[in-house]
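J.:
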Amino acid sequence: MSNFLDDNLNQSVFFDINYLEVLGNNTFEYCLYHLLENDEIVSDFLARYKNKSVGRKAYPPALLLRVIFYAYYRGHTSSRVIESLCKTDLKFIALAGGRQPHFTTIANFVSANCEAMGKLFHKVLLICDQSGLIGKEHFAIDGCKIPTNASKQWSGTHKELRKKSDKLKQAAEKIIDKHMSSDADSGSGKKLKDEQKQTIETLLKNAKKIDDFLSDNQPRMGQGKRKQEVQSNITDNQSAKMTTSKGTIQGMACVTAADEKHQIIVHAQAFGMGQEQATLIPMVEGIKNNFGDDIFKPSLVLTADTGFSSEATMQYLFDENINAVVPDNQFRKRNPVFADSDLYKKHKAIRKKTRKDQSGRDEVLHSSTFTVSLENNSCICPAGKEMLFQGDDFEGARGIYSRFRGKLKDCRECLLQTKCMKKPIKDQGRQVSFLNEEQEKITCLDVMKQKIDSPEGRRLYSRRMWVIEPVFGNITSNKGLNRISVRGEVKATAQWLMYCMIHNIEKLWKNSEIESWA
Numbered sequence: 004m005s006n007f008l009d010d011n012l013n014q015s016v017f018f019d020i021n022y023l024e025v026l027g028n029n030t031f032e033y034c035l036y037h038l039l040e041n042d043e044i045v046s047d048f049l050a051r052y053k054n055k056s057v058g059r060k061a062y063p064p065a066l067l068l069r070v071i072f073y074a075y076y077r078g079h080t081s082s083r084v085i086e087s088l089c090k091t092d093l094k095f096i097a098l099a100g101g102r103q104p105h106f107t108t109i110a111n112f113v114s115a116n117c118e119a120m121g122k123l124f125h126k127v128l129l130i131c132d133q134s135g136l137i138g139k140e141h142f143a144i145d146g147c148k149i150p151t152n153a154s155k156q157w158s159g160t161h162k163e164l165r166k167k168s169d170k171l172k173q174a175a176e177k178i179i180d181k182h183m184s185s186d187a188d189s190g191s192g193k194k195l196k197d198e199q200k201q202t203i204e205t206l207l208k209n210a211k212k213i214d215d216f217l218s219d220n221q222p223r224m225g226q227g228k229r230k231q232e233v234q235s236n237i238t239d240n241q242s243a244k245m246t247t248s249k250g251t252i253q254g255m256a257c258v259t260a261a262d263e264k265h266q267i268i269v270h271a272q273a274f275g276m277g278q279e280q281a282t283l284i285p286m287v288e289g290i291k292n293n294f295g296d297d298i299f300k301p302s303l304v305l306t307a308d309t310g311f312s313s314e315a316t317m318q319y320l321f322d323e324n325i326n327a328v329v330p331d332n333q334f335r336k337r338n339p340v341f342a343d344s345d346l347y348k349k350h351k352a353i354r355k356k357t358r359k360d361q362s363g364r365d366e367v368l369h370s371s372t373f374t375v376s377l378e379n380n381s382c383i384c385p386a387g388k389e390m391l392f393q394g395d396d397f398e399g400a401r402g403i404y405s406r407f408r409g410k411l412k413d414c415r416e417c418l419l420q421t422k423c424m425k426k427p428i429k430d431q432g433r434q435v436s437f438l439n440e441e442q443e444k445i446t447c448l449d450v451m452k453q454k455i456d457s458p459e460g461r462r463l464y465s466r467r468m469w470v471i472e473p474v475f476g477n478i479t480s481n482k483g484l485n486r487i488s489v490r491g492e493v494k495a496t497a498q499w500l501m502y503c504m505i506h507n508i509e510k511l512w513k514n515s516e517i518e519s520w521a
């Protein structure tokens, strides 16, 4: 007959454990403990505590950092989940020293220490540098669009938001008018009245929310050459509506720079804009602040993708003597390798088909179809009509242009009018401009095009993807840190730096001796 030991899980027991032994010897948890036990590392977090003579004792910053970092490492960003883990998970209990911080304490610590988080990132970066993990031969920059704690339904220009507020008020008025004209039974009528009252209150509350926002905030302007209004957001006005491969999100562009040797993140920042052209200069300045102004030596290569390319950015890179490779969005089209690539042609056709700015648009006759003689200041349109010379002193981005305009009578009677003009004729005919090659400007973009089209430029740029893309894969996919839970650029930058510190600390743990850290 069988004789077994008792097997009962419904019982309480006491364990005699040592918190430090629970962490292990060469684990990520012990790595966090060893890193943060140094008072110098967490010294920047102490300034905000003013409870020496009044108030209760506070949780040590090192304790909260250990718990939060380990939770992020495990893919948990919710402060309520972290609070629960400090009560139920042995690793968290050990890292917290048996303490159980409230979720509000955890959330407040993350959002209230933005400046200190930036300084902590710098200290971790210096440890990585002292450990020999940063080669300083190639920095790659790229951005990742991360959703934030804001709803895209509350986005729009001021005109659109004002229209939305009016619609909400009109909807509330319709319900009131309908209720006043109805003769429902007393029982069902009372129930309907209560439901209508709640709906009316919600509609008017949302309308007031929009009106208050419009009265307190100015329209947001874009960062392009032409300052146009971009969509504001009532929930987080520093975030932006962005289009990604998985749809439209309300979020931040988390731009990151990584070193090639061990993919250590050397700088990171969150920007509330969908376009990346204006973010490269702040990123370069941030790298200089972390390493010094002399970091960009001729031997160090800086690479970034096409989203960062602009004339202002290229001008800055050349003025600072930075050895950068930043291609324009047509560089693959000029690459002979892609000329006969079926895969490239297939993807190009898909992109052209799905582009919103080209849907339903008919292409007009290109200026190359016009016969021009700049020496004689004459131009003949595709219909064979002579055009009026407007002058040869029109300055553009690429140099001095000569401009011609079709005669109004000729354009009105022309059979090619629908192919030649985007809009119906009003006051003038078709205009075309031609660049005077003798007065053509050589822009910084032209110089960069020559660099990226060279074999050496293509070789350098090919190293970018396998330096920076795995960083985003590790943070957003492996760790599951694919959402910003705070609002505002400053707080979003602080949390993104925390995500990046998890990546760097993990690299430290795997590629260096823990006991050797300075």
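Start counting the sequence shown at 4; every next residue gets the next number (the numbering used here). We put the beta carbon where it would ideally sit given N, CA and C, even for glycine.
Figure out for me which residue from G409, C131, V287 has the closest Cα to the Cα of T259.
T.: V287
J.: Is it buried or exposed for G135, if we count other Cβ within 10 angstroms and need 16 for buried?
T.: exposed
J.: Under the rule that 16 or more other beta-carbon atoms within 10 Å means buried, what is P330, buried or exposed?
T.: buried
J.: Looking at the structure shown, is P63 part of a helix, part of a strand, or coil, going by DSSP?
T.: coil
J.: In terms of DSSP beta bridges, what is E389 paired with?
T.: I383
J.: Go ahead and pull the three-state DSSP assignment for N439.
T.: strand
J.: Where does E263 land, buried or exposed, given buried means 16+ other C-beta within 10 angstroms?
T.: buried
J.: Kindly indicate which three-state DSSP category V328 falls into: helix, strand or coil?
T.: strand
J.: Are the segment 151–165 and the segment 236–243 touching, with three or more C-beta to C-beta distances below 8 Å?
T.: yes
J.: Taking C-alpha atoms, which residue in K425, G387, F397 lies nearest to K410?
T.: G387
J.: Below 6 Å CB to CB, which residues in the same chain sit around L305 once its five sequence neighbours on both sides are set aside?
T.: Around L305: F142, I325, A327.
J.: Bridge partners for H141 per DSSP, in chain order?
T.: V304
J.: Taking just the CA atoms, how far does P473 sit from H350?
T.: 23 Å
J.: Report back the beta-carbon spacing between T316 and L283 to the nearest angstrom; my notes put them in contact at under 8 Å.
T.: 5 Å
J.: Cutting at 8 Å between CB atoms, please list the residues of its own chain near L66, excluding the five before and the five after it.
T.: L98, A99, G100, R102, P104
J.: What whole-angstrom Cβ distance do D88 and H79 have, given they're in contact under 8 Å?
T.: Looking at the sequence shown, residue 88 is not Asp but Leu. Rounded, the Cβ-Cβ distance is 7 Å, consistent with contact.
J.: Using a 10 Å radius around the Cβ and a threshold of 16 neighbouring Cβ atoms, would you call Y52 buried or exposed?
T.: Classification for Y52: exposed.
J.: Judging by CA-CA distance, which residue of F95, I85, C147, S114 is the nearest neighbour of N477?
T.: C147
J.: Ignore the nearest five residues each way along the sequence and tell me which others in Y36's own chain have a CB closer than 8 Å to its CB.
T.: L23, L26, R69, L98
J.: Of all the options K60, I85, A61, P63, which has the alpha carbon lying nearest to the alpha carbon of F72?
T.: Here the closest residue by C-alpha is I85.
J.: Starting from S376, follow the beta strand (DSSP E) in both directions and report where the run begins and ends.
T.: 374–376
J.: What distance in whole Å lies between the Cβ atoms of S82 and A110, which are believed to be in contact at a cut-off of 8 Å?
T.: 4 Å
J.: Any beta carbon from chain B within less than 7 Å of L38's own beta carbon?
T.: Absent from the structure is chain B; it holds one protein chain and no more.
J.: Taking just the CA atoms, how far does R466 sit from Q280?
T.: 21 Å
J.: Cα separation between M4 and S15?
T.: 30 Å
J.: In terms of residue numbering, what span does the beta strand (DSSP E) encompassing A243 cover?
T.: In this chain, the beta strand (DSSP E) harbouring A243 covers 243–247.
J.: Along the beta strand (DSSP E) that carries R406, what are the first and last residues, could you check?
T.: 402–408
J.: To the nearest angstrom, how far is the alpha carbon of I455 from that of E140?
T.: 18 Å
J.: According to the Cβ coordinates, are D214 and S168 closer than 7 Å?
T.: yes
J.: Can you give the Cα-Cα distance for L12 and T91, rounded to whole angstroms?
T.: 16 Å
J.: Let me know the secondary structure DSSP gives G275 once reduced to three states.
T.: coil
J.: Spatial neighbours of D396 within its chain, please: CB distance less than 8 Å, with the 5 preceding and 5 following residues excluded, ordered by chain position.
T.: Its chain contains I403 as the residues whose beta carbon lies nearer than 8 Å to that of D396, once the 5 sequence neighbours on both sides are disregarded; these appear in chain order.
J.: Identify, in the order they occur along the chain, each residue of the same chain with its Cβ nearer than 7 Å to the Cβ of G432, setting aside the five sequence neighbours on each side.
T.: R408, G409, K410, L411, D413, C414
J.: Have a look at T247 and K166 and give me their C-alpha separation to the nearest angstrom.
T.: 27 Å
J.: Determine the contact status of F31 and L500, defining contact as a CB-CB distance below 7 Å.
T.: no
J.: Measure the C-alpha to C-alpha separation of D449 and Q333 and round it to an integer number of angstroms.
T.: 12 Å
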